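This is the structure we're talking about:
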């Protein structure tokens, strides 16, 4: 169950302009638009996943790190895919409850 989407009127969406994959699972992320949802894995620790959906289909679960960084965003709720370096893309996600960052590998 997502603890974040309940407070948002519109889901957060991002665009992947290049194919990527999740290093930990090998799940492929084809270029395209995705709805993002953050899910806390365990109440006892700060382990979260960023779920990437196309329509109602879950495409990938990306392990993420909790951060205090708001990445200079001007809104409380945000999501963005940004280049990290030649090998990685960074996903940033923010809500009233948590800010997350994760990396995926470019194909």
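Numbering (my numbering), first residue to last: 2 to 108.
Think of the CB as a built atom: it goes at the ideal place given N, C-alpha and C, for glycine as much as any other residue.
Because the structure is a prediction, the values reported are computed rather than measured.
Identified DSSP bridge partners for residue i
i: residue 67; result: 101
i: residue 1; result: Residue 1 lies beyond the residue range present for the chain, which begins at 2 and ends at 108; the question has no answer from this structure.
Contact under 8 Å by Cβ, residue i with residue j
i: residue 108; j: residue 34; result: no
i: residue 80; j: residue 93; result: yes
i: residue 100; j: residue 68; result: yes
i: residue 64; j: residue 25; result: yes
i: residue 66; j: residue 102; result: yes
Helix, strand or coil at residue i [DSSP, three-state]
i: residue 55; result: strand
i: residue 17; result: strand
i: residue 40; result: strand
i: residue 30; result: strand
i: residue 73; result: coil
i: residue 12; result: coil
Cβ neighbour criterion (16 or more within 10 Å) applied to residue i
i: residue 105; result: buried
i: residue 43; result: exposed
i: residue 38; result: buried
i: residue 53; result: buried
i: residue 36; result: buried
i: residue 18; result: exposed
i: residue 47; result: exposed
i: residue 97; result: exposed
i: residue 83; result: exposed
i: residue 56; result: exposed
i: residue 73; result: exposed
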